[in-house]
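First the structure, in the form of structure tokens, and then the observations on it.
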Amino acid sequence: MQPDPEPWYTTTLNVWTLAGVLVATWTLTKTLTEGWRRTIGRRRYLTTRLRKIAPGVRHDYVESLLGEPKWQSTMECTRLVANEGQDTDDYDRKVEITVRTWPLSRLGYLVTWGDDDTVVMYGITTISWWFRPRVLIGDTRIRLGKTPFAVLGEPGEHSAWLGNRRFGYREHHYFGNPGGYRSWYVGVNDIGYNAVHPALDWFDDEDDSRTRLLPDRQAAYRASAPINTVVISGIALYEEVQEGGFFGISLGVDQDLVRLADPEYQVIDSRISRAHRRIRDWRWLMNYRRRERKLRALYCR
């Protein structure tokens with residue numbers, strides 16, 4: 012009787028081979044996924060995470076989606092009194108709001124305003140032609156950086172500002188119960204993509220605050236200027252929100268804060284930094300010429 016032939020395989024060898032194949036497959040999948048997120052898929056990746064944010068969520072939840080914020084600061088606000096007859100000290104109504112800012116992979120910025128680790132409102136600003144997310148405002152769908160203000164109908168209130176270097180425009184929309192009692196603040200941020208500034212003679216001279224545009228000029232501006240920033244708010248019962256001073260001169264991200272991280276402000280110089288500065292100067296010149304053409308088109312109306 013002949014003995015059985017030796018098997019052409021061994022159990023130990025097959026187990027280690029299978030383990031090596033699984034590890035290699037997992038590593039390759041992770042590398043491809045990370046590369047996709049950082050290149051052609053980063054727009055969809057960011058948009059998917061931004062859709063999960065809403066007023067009232069916890070800050071830790073936002074941080075789990077986008078990581079730690081790059082900038083953080085605080086501001087003091089005053090809560091509104093629930094009942095007019097209620098006697099409440101002004102000091103007791105003071106609350107500290109935490110403002111956090113995330114850069115969205117050189118495509119835009121996310122800003123959240125938090126009260127007791129709860130996101131009261133959040134804002135998105137696009138700074139790239141490649142990042143133009145669709146935003147639902149009431150029943151109207153817009154695209155940041157492309158859709159003009161006129162598609163939203165008449166706003167509840169508006170304000171504009173124009174300085175030597177900074178400019179902006181914002182308006183408020185509220186739809187009551189159909190809109191979930193949320194407020195939408197849409198506007199033009201001077202650091203955002205396709206930002207068009209109002210002209211100096213468009214402001215109403217009878218307005219002491221110099222923040223209101225003339226009705227005909229406002230209509231022309233709303234018909235042509237695209238929205239590049241949107242801020243979604245829950246029930247933010249603060250006096251500064253109702254008085255119009257909550258956002259200051261920037262709806263959403265503050266240019267004076269985030270620009271210090273640009274290559275042109277780096278202390279340690281390099282050839283890459285100098286190349287970045289040349290590209291930035293060229294882009295600024297192109298954007299300036301584009302804004303001037305849009306202003307001339309508005310003037311001709």
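In terms of this note's numbering, the sequence shown opens at residue 12 and continues consecutively.
Using N, Cα and C, we set each Cβ at its ideal position, and we do this for glycine too.
{"Check": "Below 8 Å, can you find three or more Cβ-Cβ pairs linking the segment 109 to 126 to the segment 82 to 94?", "Outcome": "yes"}
{"Check": "Can you list, in chain order, the stretches of the beta strand (DSSP E) that have 3 or more residues and sit fully within the segment 62 to 119?", "Outcome": "82 to 89, 105 to 114"}
{"Check": "What is the C-beta distance between Leu262 and Asn200, in whole angstroms, given that I count them as a contact (C-beta under 8 Å)?", "Outcome": "6 Å"}
{"Check": "DSSP state of Glu168, grouped into three classes?", "Outcome": "strand"}
{"Check": "Could you check the C-alpha separation between Glu303 and Ile202 for me, to the nearest Å?", "Outcome": "16 Å"}
{"Check": "Smallest Cα separation from Gly190: which of Ala65, Arg53, Glu45?", "Outcome": "Ala65"}
{"Check": "Just to confirm before moving on: does the CB-CB distance between Ile135 and Leu118 stay below 8 Å?", "Outcome": "no"}
{"Check": "DSSP has Asp126 in a bridge; who is on the other side?", "Outcome": "Thr129"}
{"Check": "Look at the alpha carbon of Arg288 and the alpha carbon of Pro274, and state the distance between them as a whole number of angstroms.", "Outcome": "7 Å"}
{"Check": "Out of Leu147, Lys305, Arg193, point me to the one whose CA is closest to Gly67's CA.", "Outcome": "Arg193"}
{"Check": "For Arg1, which residues in the same chain have their Cβ closer than 8 Å to its Cβ, ignoring the five residues on either side in sequence?", "Outcome": "Outside the modelled stretch of the chain, which goes from 12 to 312, sits residue 1, for which no answer is possible."}
{"Check": "Is it true that the CB of Thr240 sits closer than 8 Å to the CB of Pro144?", "Outcome": "no"}
{"Check": "Helix, strand or coil, according to DSSP, for Glu182 in the structure here?", "Outcome": "strand"}
{"Check": "Using CA atoms only, rank isn't needed, just tell me which of Pro166, Thr44, Arg228, Ala206 is closest to Leu155.", "Outcome": "Ala206"}
{"Check": "Pair every Cβ in the segment 251 to 261 with every Cβ in the segment 167 to 185, then say whether three or more of these pairs are closer than 8 Å.", "Outcome": "yes"}
{"Check": "Have a look at Asp215, Leu224, Val197 and flag the residue whose alpha-carbon is nearest the alpha-carbon of Ile153.", "Outcome": "Val197"}
{"Check": "Helix, strand or coil for Leu296, going by three-state DSSP, please let me know.", "Outcome": "helix"}
{"Check": "Given a threshold of 16 other Cβ atoms within 10 Å of its Cβ, counted over all protein chains shown, does Ala236 qualify as buried or as exposed?", "Outcome": "buried"}
{"Check": "Taking Leu306 as the reference, which of Arg49, Ser244, Gln229 has the closest Cα?", "Outcome": "Gln229"}
{"Check": "Check this for me: beta carbons of Ile148 and Trp213, under 8 Å apart or not?", "Outcome": "no"}
{"Check": "Could you tell me which of Arg285, Val131, Tyr299 sits nearest to Gly245, measuring between CA atoms?", "Outcome": "Val131"}
{"Check": "Determine which residues share a DSSP beta bridge with Asn200 and list them.", "Outcome": "Gly179"}
{"Check": "Who does Ala145 pair with in a DSSP beta bridge?", "Outcome": "Here the sequence assigns Arg to residue 145, which means Ala is not the residue at that position. According to DSSP, Arg145 bridges with Arg154."}
{"Check": "Anyone know if the C-beta pair for Tyr299 and Arg90 falls short of 8 Å?", "Outcome": "no"}
{"Check": "In chain order, what residues of the same chain lie with their CB nearer than 7 Å to the CB of Ala247, ignoring the 5 residues before and after it?", "Outcome": "Val131, Met132"}
{"Check": "Measure the C-alpha to C-alpha separation of Thr129 and Lys41 and round it to an integer number of angstroms.", "Outcome": "33 Å"}
{"Check": "Please state whether DSSP places Pro209 in a helix, a strand or coil.", "Outcome": "coil"}
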